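Worksheet for the structure shown next.
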Amino acid sequence: MKHTFHWLKQKTLAFKPLTLISCYLLVSFSYPAFSAQDTSEYIEWLASYTGEAAANVDGGKREGSAYAGQLFLGAEIDLEKFAGWANTKVHVAFTNRHGQNLAATHIGSSTSVQEIYGGQNSRLARLTVEKSFFDDQLQVEVGRTVANISFLGSELCQYFQTNSACGNPTFVFKTSNFTWWPVSSWGGHAKYWLSPEIYFHTGVYEENTPHQDLSDHGFDWSTDESTGVVVPVTLGYQTTWENDDYPKRYEIGGWYDGADYTDPAKDENGNFAAVTGNDYATQNGRSGIFARFEQTILRPNLNSKRSVTIFGALLTGTSGELIEDEYVKAGFVKRGTFEGRDEDTIGFVFTQQFYSEDAIEDQRVLREINGGSGRPASSQIMMELSYGVHINDNIRIQPNVHYIINPDQFSERDRLQALDDVWVVGVRFDVNLAGLLLR
Numbered sequence: 170m171k172h173t174f175h176w177l178k179q180k181t182l183a184f185k186p187l188t189l190i191s192c193y194l195l196v197s198f199s200y201p202a203f204s205a206q207d208t209s210e211y212i213e214w215l216a217s218y219t220g221e222a223a224a225n226v227d228g229g230k231r232e233g234s235a236y237a238g239q240l241f242l243g244a245e246i247d248l249e250k251f252a253g254w255a256n257t258k259v260h261v262a263f264t265n266r267h268g269q270n271l272a273a274t275h276i277g278s279s280t281s282v283q284e285i286y287g288g289q290n291s292r293l294a295r296l297t298v299e300k301s302f303f304d305d306q307l308q309v310e311v312g313r314t315v316a317n318i319s320f321l322g323s324e325l326c327q328y329f330q331t332n333s334a335c336g337n338p339t340f341v342f343k344t345s346n347f348t349w350w351p352v353s354s355w356g357g358h359a360k361y362w363l364s365p366e367i368y369f370h371t372g373v374y375e376e377n378t379p380h381q382d383l384s385d386h387g388f389d390w391s392t393d394e395s396t397g398v399v400v401p402v403t404l405g406y407q408t409t410w411e412n413d414d415y416p417k418r419y420e421i422g423g424w425y426d427g428a429d430y431t432d433p434a435k436d437e438n439g440n441f442a443a444v445t446g447n448d449y450a451t452q453n454g455r456s457g458i459f460a461r462f463e464q465t466i467l468r469p470n471l472n473s474k475r476s477v478t479i480f481g482a483l484l485t486g487t488s489g490e491l492i493e494d495e496y497v498k499a500g501f502v503k504r505g506t507f508e509g510r511d512e513d514t515i516g517f518v519f520t521q522q523f524y525s526e527d528a529i530e531d532q533r534v535l536r537e538i539n540g541g542s543g544r545p546a547s548s549q550i551m552m553e554l555s556y557g558v559h560i561n562d563n564i565r566i567q568p569n570v571h572y573i574i575n576p577d578q579f580s581e582r583d584r585l586q587a588l589d590d591v592w593v594v595g596v597r598f599d600v601n602l603a604g605l606l607l608r
């Protein structure tokens, strides 16, 4: 641990205040008893482990299995209690992601059925300062962070494993440089509550593509390789279990991506790069819009959270050269299943990704050049059915089954023919380590 502390100090020497906080947290996690006893008044310690196993049992490239996991260590520090800074908190998070991606190794598609995969390695995923103003009407957070923990996320995602829908609709990552957990960069967001239920939410996030490299640990805070920023905007209406018998959320919004990206099909002269053999063109500037909802529609007993919540989303591009034109999502979560199983859940989600004509034509040309035939499918459908078993307040196990229609070809561009539809069985488990060890 002494060597780790020294390494962290050397890596972040130019940022001494944040360095002291991050190093202190890492050392404190090595001695949880000390931390829990001496810091509980102003620090909420966070620690969890999520594992996602999946097996391709039919279709795709080949049968087989893969496992991916994430160890999460973090804290929320109340600086008002710690140092007298009113309405101010610090958020810190480290992750270690490990394992394999079944979509790459056995399915052959670009959308994972293990949402915990991505950003492998040990990383500083979050180090931000949050401050509230005007009696909590305005919340502002800045630092090293990611866009997808603040925008287009949902607490319903804990009931699913597919990366097509969770933690966020995959469309926004396929068509922009929207930053994603745990690959952090500079960014911030502000949420202003126009009323107790209505809010306006916006942010600015540095494009972080260089930090997605597996050798990155989250301590390179330079902006030298960044090519622009992503700006999400949302107008929403939201209620909770505390103020509504039937909690709901409705949002409309969009994003502008001002960073560089690779054209999905054309070279700099506007011709298909697969035909000319030239490099795919570098473009700049993309945008999209979305509408989504979550609505509790059934609650037999208002003294219980046994309920049915339906949800849906529609996303589409508005400018730029995009791989996908549209995306739809729909599903439900039923809380409370059998008698005495009030905390168990049943969830189902359906997603469909619609590809652009240019992206499909690029793949068709590549097939033909490589000796294959046939035009790739214009969309991919992914479905998941899950059952969540609530063991106790700290442990949850969730078996699931997936069906994928028309696995896409974006991760294997030299494929000669379409793959068969895919059946996947999986299991997700979540362990609240802080709850088990510190409380």
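Counted from 1, the sequence shown has number 291 at position 122 by the working numbering; the numbering is strictly sequential. Positions of the beta carbon are idealized from the N, C-alpha and C atoms, including for glycine. Everything numeric in this text was worked out from a predicted model, so none of it was measured.
Rounded C-alpha distance that separates residue i from residue j
i	j	result
residue 449	residue 581	16 Å
residue 236	residue 302	43 Å
residue 340	residue 286	17 Å
residue 252	residue 208	13 Å
residue 290	residue 240	10 Å
residue 606	residue 215	10 Å
residue 384	residue 305	39 Å
residue 246	residue 603	15 Å
residue 466	residue 584	44 Å
residue 231	residue 411	48 Å
residue 599	residue 221	9 Å
residue 204	residue 250	Note on residue 204: pLDDT 46, under 50, position unreliable in the model; the coordinate value appears next. Rounded to the nearest angstrom, the two C-alpha atoms are 16 Å apart.
residue 325	residue 362	22 Å
residue 560	residue 576	34 Å
residue 233	residue 533	28 Å
residue 515	residue 554	8 Å
residue 485	residue 497	9 Å
residue 228	residue 381	30 Å
residue 284	residue 469	32 Å
residue 277	residue 570	18 Å
residue 542	residue 406	49 Å
residue 225	residue 518	19 Å
residue 578	residue 462	30 Å
residue 357	residue 321	15 Å
residue 593	residue 573	8 Å
residue 212	residue 308	19 Å
residue 589	residue 388	42 Å
residue 431	residue 337	22 Å
residue 354	residue 342	16 Å
residue 366	residue 414	14 Å
residue 610	residue 210	In the structure displayed, the chain extends from 170 to 608; residue 610 sits before or after that span and is not available.
Boundaries (first-last residue) of the alpha helix (DSSP H) holding residue i
i	result
residue 443	442-445
residue 530	526-538
residue 604	602-607
residue 303	Segment: none, residue 303 is in no alpha helix (DSSP H) and carries neither H nor E.
residue 251	248-252
Enclosing beta strand (DSSP E) for residue i [first to last residue]
i	result
residue 504	493-504
residue 484	476-488
residue 261	257-268
residue 226	212-227
Same chain only: Cβ atoms within 6 Å of residue i, ignoring 5 sequence neighbours per side
i	result
residue 474	504
residue 299	258, 310
residue 288	266, 351, 352
residue 333	280, 339, 520, 551
residue 262	243, 294, 295
residue 601	217, 563
residue 397	376, 427, 428
residue 421	404, 460
residue 123	Since the first residue of the chain shown is 170 and the last is 608, residue 123 is not available in this structure.
residue 360	308, 368, 370
Spatial neighbours of residue i in its chain, beta-carbon cut-off 7 Å, leaving aside the 5 residues before and after
i	result
residue 531	433, 434, 441, 443
residue 345	399, 424, 426, 455, 457
residue 164	Nothing about residue 164 can be read from this structure; the chain reaches only from 170 to 608.
residue 528	433, 434, 492
residue 471	414
Of all the beta strand (DSSP E) runs that stay within the bounds of the stretch 400-455, which reach a length of 3 or more residues? 417-431
Counting beta carbon pairs with one atom in the stretch 531-539 and one in the stretch 556-573, are three or more of them shorter than 8 Å? The stretch 556-573, when compared against the stretch 531-539, does not touch it at the 8 Å Cβ threshold.
Answer yes if the stretch 483-502 comes into contact with the stretch 364-372, meaning at least three C-beta pairs across the two stretches below 8 Å, and no otherwise. no
For the stretch 340-383, list the beta strand (DSSP E) runs that are entirely contained and at least 3 residues long, ordered along the chain. 354-362, 367-375
contact_flag[the stretch 302-322, the stretch 266-276] where n(CB pairs < 8 Å) is 3 or more: no
Does the stretch 472-480 touch the stretch 499-509, meaning 3 or more C-beta pairs lie closer than 8 Å? They touch, by the three-pair rule.
Could you pull out every unbroken beta strand (DSSP E) segment of at least 3 residues lying fully inside the stretch 531-582, listed in chain order? 548-561, 564-574
Within the chosen definition, does the stretch 318-336 reach the stretch 385-392 through at least 3 CB pairs nearer than 8 Å? No contact exists between the stretch 318-336 and the stretch 385-392.
Contact between the stretch 450-464 and the stretch 541-557 is defined here as three or more beta-carbon pairs at a separation below 8 Å; is this criterion met? Flag = no, the stretch 450-464 and the stretch 541-557 do not touch.
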